[in-house]
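Q:
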Amino acid sequence: MRIVQAVPVAFGVTVVVFLLVHLIPGNPAESILGAQATPARVAALSKQMGLDESLPQQYLHFLDNIAHGNLGQSYTYQTSVLSLVLQRVPVTLLLVLYSVVLMLIISVPLSAWAASRPGGARDHAVRVVPLVGLGMPQFWVGVMLLLVFAVGFKWFPVGGYGQTFSQHLWYLFLPALTLAISVSPVIIRSLRSSMLNVLESDYVATARSKGAGGWSLFSGHVLRNAVIPAVSIVGVNVGYLVGGTLVIEQVFAIPGLGSLLIGSIQARDFPSVQAVALFVAVFVVAVGVLTDIVYTLLDPRVDLTRRGDV
Amino acid sequence: MSINSGVNEALRVEDVTKQYGSRRNILRALDGVSLELQRGEILGLVGESGSGKSTLAKIIAGGTRQTSGRVLSDGSEIGIRRNAGEHRRIQMVFQDPYSSLNPRLTVRSTLAEVLRVHKIVPRDQIDKEVSRLMGLVGLDDSALDAYPGQFSGGQRQRIAIARALAVRPEVLVADEPVSALDVSVQATILDLFRSLRTELGLSVLFIAHNLAVVQHLVDRIAVMYLGRIVEVAPVQALFADPQHPYTKALIASVPRMRPVDLERAPAIEGEPPSPIHLPEGCRFNPRCAHAQSSCLDTDPALQPAGAPDHLAACLFAGALQPRSIAATKESA
Amino acid sequence: SGGASGGTSGTNADVGTPVQGGNLVVARAQDAKSMNNILTFDNTSIFTFEQMLQPLFTVTPDGKGTTPLLAKGYTISADKMTYTIQLKPGIKFSTGTEMTSADVKFSIDQDTKYASTGWGYINSSIKQVSAPSKYVVVVTLKHPWAPLIADLALFSNAVVPNNYGGKTMDAFYQAPVGTGPFKWGEWKRGQYLKLLANPNYWQKGYPHLQSVTFNVVPDSNTRKLQVQGGQADVDEYPDWSTFQSVGSPTVSATAFPSTELDYVAFNEAKKPFQDIHVRRAISAMIDRQAIVKAVLFNHGTAANSLLMPGVPFYQKSTPGIMKDAALAKSELAQSSVPNGFSTTLLIPSGDASKMTTAQIIQSDLKPYNINVTIKQLDPTANHNAQQNMQYEMGLSAWTMDIPDPDEWTSFAVDPAGGAKSAYTNYSSPTAIKLNREAEQTVDPTKRAALYNQLQDVTAHDAPLAYLYYAPFAYGVSKKVHRFEVTPLGNYPLADVWKSK
Amino acid sequence: MSAVATLRRSRRGGQPASRRLRPWYENRSLVAGLIIVGIMVLLAVLAPLISPDNPLHQNLDQALQGPSGSHWLGTDKLGRDVLSRLLYGARVDLKIGFLAVLIPFVVGSVLGAIAGYYGGWVDIIIMRVVDVFYAFPLYLLVIALVFVMGSGERSIYLAIALVSWVSYCKIVRGEVIVARRQEYVQAARLGGLKNLRVLARHVGPNVVSQAITYAMSDIIMDIMVIVTLGYLGLGITPPTAEWGSMISDAQEFITTLWWMAVLPGVAVVITGLGLSLIGDGLGDLMSPERRR
Amino acid sequence: MPTDTPSTPVLSVQHLSLGIRRSEGHWDPLVRDVSFEVPAGVRYGLVGESGSGKSMTLKAIAGLLPRGVEVMEGQAWLGGEDLLSMPAARRRQIMGPRLSMIFQEPMTALNPTMRVGAQIAEGPRRHLGLSKKAAMDLAVQMIARTGIPDPVRRARAFPHELSGGLRQRVMIAMALSCQPTLVLCDEPTTALDVTVQDQVLRLLATLCEDMGSALVFVTHDLAVISQTCSRLSVMYGGQIMEEGSVRDVYRAPLHPYTEALFESAPDFDDPARMLKPIPGLPPSLTHPLPGCAFAPRCRHAVEACTTSAKQLAPVAGGRLSACDRVHEIFEVNA
Ligand SMILES: Nc1ncnc2c1ncn2[C@@H]1O[C@H](COP(=O)(O)OP(=O)(O)OP(=O)(O)O)[C@@H](O)[C@H]1O
Ligand SMILES: Nc1ncnc2c1ncn2[C@@H]1O[C@H](COP(=O)(O)OP(=O)(O)OP(=O)(O)O)[C@@H](O)[C@H]1O
Ligand SMILES: [Mg+2]
Ligand SMILES: [Mg+2]
Ligand code: NI
């Protein structure tokens, strides 16, 4: 069902990506060429970009090109955008996954801790303190973490990406942590309330009436049921995480999609901008579909064919 | 099928079906239901959970559209899209008094809104009319400016009834109006319905799951099973001489105030089948103690059994061994 | 060297014997864009390929003159129209093949060919290049042209193998080959670019380093922290605001003298800037010392002239307008807008220094009832707006690429130079004449006189309000020795070494 | 199947017979939030009266000073008084926060309500559009749009409005679908009320609380967007005193004069805290049946 | 058959009071001074209107009080141990083999993400020390005993795949899997259809009888009690109003509240009787009146009823009533 829905969404995404460049006032060719613009070059590029065609025609061309895996040439790097983007995708992907993992490591225990005494001091602390995190700009948090853990304690490198996989993990720790910190407040809040719901549910009472308690209760009855709603919350927030990478990659000098996007925007390298936007959007849509699948696997009540009308 | 001619009929439902779901999983919530409600009559509708009682109520009140069939009020068909006047004629009272009132509106504004929209009374008389309605349902004017949250369940149900009465309907459809109430208040609402019938001449379709309650209030009873009406009869006749095996089982299952023999096998075995995969033939056959081979391939229609106003949808209606209610009564 | 004062000049230079090997890590804000030396305009790319591609002549360390590099020397014909250049023998490309005059001719011709889109316009005075023998190149001119040797010292005239060694231009520049101390390593776009020591380098014993890695680190705080943490050796362009704090026990914050001039351009195509009094008035309102303090943290000097102190023929006594309330008042009174007006000041977005400068100017002009709105455009759009003359006032800067004032003066005062006089529409017959004469005068003294006059005329006409001369800021690890930045901004790495 | 039945009887006596409505002032989060935001608004309104200096007044001799008697919170790199800039910044940011939330709030809520109430094709179409916008991270679209439209306050409003209505749409739609099943809504419809009236009077007020709660955190998000745009050089045009540009200006001093970035950050945090407390409180207050 | 003599009841609740702690020393009482005893093997009913404190009493005994509600005083003795003051670890040992509970909503009382067989097996594994396999076999056996056809397949079902009746049978199987001496049921059939209710009630009674378990059965439905239990307490406003055997109480109530309750409830076998609603509103638990909780609605109430607190006291023939005027109002025959 979700996969069927994803098809029109994917088309919509291509329309938005297409319009993003074609809504720019003036002749894109001219602004792309910038310093090197001569009427002849502008004309040549306009033709190359198909700007002499009507907008729908251009869009069809654009779709056709995407279908053939042709996302154009990067104006700054003079290479195929696709190869450029594909180089960056794993980096950003790793960063996002990493931060999801860290986010879970942070928020699951904290929310469990808060939910175990709702209304208590620790609950208030866990609900309020992360709000402070919400008010701190990500780049600021990032630099502070660098200052303390990379420059101060020298536990981590100051930005960069490393060469080997274990190096990647080491280099990406602080940026992933920054991202995790920035989304954790949202996650903690919703995890806490879903844990509360579970803890107050009848089936937990049932489990208690069977003599379950402590860890066996938590692992056997609470966790899985609390994780189910959390999965969709995480899924929804992946978009936010990906958005966060734009800034974080700048701060930590990570060669991912985010820094490619910012660089390309500043250089008016529109094919790259389009390609990154396209990839990111497709990624987010894919995560949405994936979340639904995971949701189904976790929750026996959900039948993939019958969601949406619940 | 109906015996009475149309003159005294407040409402008539003809061969109504309702299907939910799509292509592969069609759920037949209602499967050819016909019913009529006389003027000033209280008709009880009982049946197992999921048998389609609420669905029928909503179709009659205009809350959902039927898949096929007709609903006639005063002999004229009311269309799928109802106008205000058609809405007025049939009003509905819901089961849960806690969610059937807008928590953000005072009682006065709840009532006044309906009066205003339907222009029941001139604007300057709205207050008076609101008081009259409150009196009708046995509430005090002092309650008018309170919010629903400040009332007990019984009071809320009265307010909900007052709202339904505000537009001066001819038919009231009440979907389990007392199920959510305590016994001690239940009786007051039942009384209210009875007096509304006598005072206003209202016709009421009263849905309930508690047979004891229905027995006290209604004139006739219709029993539903899996989207069909399986038996209709005046209340005494039905309880005294149920013709459909399901009705029999239902009656035998009612918990009594007097001790019974727990060792005796339950009146009915098994669970109702899924409304998506209806059994072939009579839809009660998998659970029926009297099922014969003919029950597996004939889907019986509702037809007179015994008395002319006693209809049952069983091939063997009238021919079954009476496992009479009287027997239980005597043993008590 | 010139007037760029402030920070320390030169690095922790010359102590000890050079250590061979090591990887120099340079943290830079942006990645290089392309290795194509004839089509690429951005400094980041230029400073990178200059490590591999060498021209015949190079700039002296003070940035004011040239000295032979791949050339052994040259002679000029009496009519000043023919230059005969001898090449050093035995120079090899990093591939091991020897460089000959054919390579030189190909390289210069190739540059000239791309005059319309690349740097080739610099060769516009050249009529023909010929290679009469293996080690001799002859350049014939269309007219006498004083800056020729300086032009030949430009990176776009660097020597590449004849015919790109049989490759296409694009393929060649994917992994360029030159005679420089370093050769192509690898490039992960947006992440790092790595160069390796050239084993065939013609200067024996060089380079000391085994490799150089240019890492892209967009955030200036991160760059700083990387050098301080030892993860990088050189911080390219630390912010002036934190420049002092870059210095630490392990890092020296260094300001190298430069040829940078920051200025306000007035668009004379828009009213009221065609009015000389308006331009002079505004020039007199701007508190340059304040800008030097707030933007450069006193690491630069207020600018008084069209030319920069690091450029030959800079005249220290040029009467450039400085903050002068009386002058501002009287000029404004004589102008077409004595009661002030509203205008906009265009700056590129994301440039903290220009933003600060703009705010100071805004506040300086306010008392004279000139209301300035600051308008930010992204760098490319900003550039376009200037080129298309769609701005009123704009903040810009210039840095020299060759050790000759002509590159800049032609751009700044000659509308025929293609840039509408630094996009101001300034068109003074006197200035144009002086500049043309200076171009064709080879005698240094006579040239100096012409340039002095030009500096005086432009100081009076105020087509630009000169703001300040800024040095180049670098944070350099104390482990790195002999790291020097020339006034043109490039940094040869052949003799740089890194202690353990 | 028996889900219907379950609902039927479980509510019996769920609440005590007459539940006293808790007055709003007994709601601790709400009161705390209102006090915090109230103080902020007050400071913003009174900024011209109480701030020690003109926020635009430059004094380069006094640049980059730490907190002192004459400048309680120090000065920025143009020697402007940080306290005054903070106070005036409150005006700009609160204004932007509220304005930037207003349009998407209204547009998103209306579309969400329509989608949720009418369902069917209307719903499908609106929700697919929402999905499309949802696929783009907020920052990505806002940054790209601001680039396309050029920086400046108006572009920022427009970009945020174009992007963030989807969240309201989703929230309100979900709530409306829940509310539509509520018997009081059905009762209103069966009472013959027009759809629009039912939406506006019976559905709207009961679903809007979630959207308002979200709006509170959205204001913070918007301020963060502005801060981030400032970091990328696309923020509010200088020299306007505004927290986001103050943070991004101070960005270069993070490692040295850290308080310059922290102070406006703290202002953002406090405002954020106040707004989320209000959000929490309103959530509690407006949905009495939803107990925490 | 039960081994305990009638003098040592399975469960003895003594002076149980529950409340919500508002501030130090100040309580909003929900249940006040409730005492009753459940003899071994007996099915004991607890009946009363909504909000009368039935569920709270039961939850206190099971140690499952919701957050905020606390035991103010009292004991609940189960075989010589006080359930209310027992440490959590000991309680966990007891829950299941000695004491178990069946809830009202079979839908929500089962873990939606766990197969029902595993849920049933959980208790035996924990308490009887069975292996996973053995516990599973026992679970299937229990399912079979509740009369569910095809128990092996059903054991692998998730709760949502079963109908309400089947789910409640699973709950019963779960509660009885360790042969507890006492089973607490909170309205186990309220959510079910009459026909299914009938089946489930019979099953519950039969199984308890087979296993010798005593039962405390909470409901608001007088008829259900009469079909299931032999003794009962009638609760109102957090207090017990009347206690006695079902047969006695149903024949002749000894408290005005019980009487009124019977008068308002429809009796299927006596349709002709008029129903008499109880006037007024249920009592406010947070602001209890000094006298008899039922006094404001009681048609026999006199001045004295509203002033002094009433105690549940023996009347005659093992029956107890909390009405001071019981002898004046009712014909008490021993
Ligand atoms: N909106 C809906 N979508 C799909 N199926 C529905 C919907 N509403 C009702 N049904 C199904 O239609 C059937 C009849 O439901 P209905 O609510 O009319 O039963 P009922 O007799 O009122 O039951 P109860 O006694 O539990 O109220 C049930 O199987 C139910 O699951
Ligand atoms: N979690 C809770 N916190 C505080 N008070 C509660 C809580 N749950 C219930 N109460 C109150 O305790 C009182 C007794 O509730 P209880 O659930 O025992 O009633 P009951 O007799 O079981 O009623 P019902 O028939 O509705 O189940 C009621 O007034 C109720 O409002
Ligand atoms: Mg129903
Ligand atoms: Mg209860
Ligand atoms: Ni340059």
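Chains as they are written, first to last, in this note's numbering: chain A, 1156 to 1465; chain B, 29 to 360; chain C, 14 to 513; chain D, 3 to 294; chain E, 47 to 380.
Glycine residues also receive a C-beta, built at the ideal position from the N, C-alpha and C atoms.
On a predicted model such as this, the values are computed, not experimentally measured, just so you know.
1. Using the rule of at least 16 other Cβ atoms within 10 Å of the residue's Cβ for burial, across every protein chain shown, is residue 1322 of chain A buried or exposed?
2. Between the alpha carbons of residue 1227 of chain A and residue 1220 of chain A, how many angstroms are there, rounded?
3. Answer yes or no: the CB of residue 76 of chain B versus the heavy atoms of ligand 3, is any distance below 7 Å?
4. Compute the minimum distance between the beta carbon of residue 224 of chain D and the heavy atoms of ligand 3, and state whether it is under 7 Å.
5. If you count every other CB in all the chains shown that lies within 10 Å of the CB of residue 168 of chain E, and 16 or more means buried, which is it?
6. Starting from the N-terminal side, write out each stretch of the beta strand (DSSP E) that is 3 residues or longer and does not extend beyond the stretch 185–255 of chain D.
7. Expressed to the nearest angstrom, what Euclidean distance is found between the alpha-carbon atoms of residue 64 of chain B and residue 260 of chain B?
8. Give the residues of chain D in contact with residue 237 of chain C, contact being defined as C-beta atoms less than 8 Å apart.
9. Grouping DSSP H, G and I as helix and E and B as strand, with all else coil, what is residue 200 of chain B?
10. Could you check how far apart the C-beta atoms of residue 142 of chain D and residue 1435 of chain A are, in whole angstroms? I think they sit under 8 Å.
11. Whose Cβ in chain D lies nearer than 7 Å to the Cβ of residue 171 of chain B?
12. Using only the alpha-carbon positions, how far apart do residue 297 of chain C and residue 339 of chain C sit?
13. Using a Cβ cut-off of 8 Å (strictly closer), state whether residue 353 of chain C contacts chain D.
14. Within the 8 Å Cβ cut-off, does residue 1380 of chain A reach chain E?
15. To which residues does DSSP link residue 227 of chain C through a beta bridge?
16. Can you give me the Cβ contacts of residue 171 of chain D inside the same chain, cut-off strictly under 6 Å, excluding the 5 residues immediately before and after it?
17. From residue 328 of chain D to residue 47 of chain D, what distance separates their C-alpha atoms?
18. If you follow the alpha helix (DSSP H) that residue 64 of chain C is in, where does it begin and where does it stop?
19. Is residue 96 of chain B near ligand 1 - that is, is its Cβ less than 7 Å away from at least one heavy atom of it?
20. So is residue 1308 of chain A buried or exposed if we call it buried at 16+ other beta carbons inside 10 Å?
21. Span of the alpha helix (DSSP H) holding residue 187 of chain E?
22. Quick check on the burial criterion: 16 or more other C-beta atoms within 10 angstroms. Buried or exposed for residue 354 of chain E?
23. Leaving out the 5 sequence neighbours to the left and right, which residues in its chain are closer than 8 Å to residue 15 of chain D when beta-carbon positions are compared?
24. Quick check on residue 400 of chain C: does DSSP put it in helix, strand or coil?
25. Mapping the DSSP letters down to three states, classify residue 294 of chain D as helix, strand or coil.
26. Residue 305 of chain B CB to nearest chain E CB: under 8 Å?
27. Within 10 Å of its beta-carbon, does residue 1320 of chain A have 16 or more other beta-carbons around it, so buried, or fewer, so exposed?
28. Residue 46 of chain C touches chain A at which residues, Cβ-Cβ below 9 Å?
29. With H, G and I counted as helix, E and B as strand and the rest as coil, what does DSSP make of residue 275 of chain E?
30. Taking a Cβ distance cut-off of 7 Å, strictly less, list which residues of the stretch 128–148 of chain E are near chain A, in chain order.
31. Using beta carbons (cut-off 8 Å, strictly below), is residue 1364 of chain A in contact with chain E?
A: In short:
1. exposed
2. 8 Å
3. no
4. Ligand 3 has no heavy atom closer than 7 Å to the beta-carbon of residue 224 of chain D.
5. Classification for residue 168 of chain E: buried.
6. none
7. 10 Å
8. 257
9. strand
10. 6 Å
11. Here the premise fails: no neighbours, minimum Cβ distance about 11 Å.
12. 9 Å
13. Not closer than 8 Å to any Cβ of chain D, the Cβ of residue 353 of chain C fails to qualify, so no.
14. By this cut-off, residue 1380 of chain A is an interface position.
15. Paired residue(s): C:39, C:206.
16. 110, 113, 114, 132
17. This structure cannot settle anything about residue 328 of chain D, because the visible part of chain D is limited to 3 through 294.
18. Residue 64 of chain C -> no alpha helix (DSSP H), and no H or E assigned at all.
19. no
20. exposed
21. Segment 178–191, the alpha helix (DSSP H) holding residue 187 of chain E.
22. Residue environment for residue 354 of chain E: exposed (fewer than 16 other C-beta atoms within 10 angstroms of its C-beta).
23. Note on residue 15 of chain D: pLDDT 39, under 50, position unreliable in the model; the coordinate value appears next. Correct list: empty, nothing qualifies.
24. helix
25. Bear in mind that a pLDDT of 29 at residue 294 of chain D, under 50, signals an unreliable position, so the number given afterwards is only what the model happens to contain. In the structure shown, residue 294 of chain D sits in coil (DSSP, three-state: anything other than H, G, I, E or B).
26. So, not an interface residue.
27. exposed
28. 1231, 1232, 1233, 1422, listed in chain order.
29. coil
30. 134, 138, 139, 141, 142, 146, 147
31. yes
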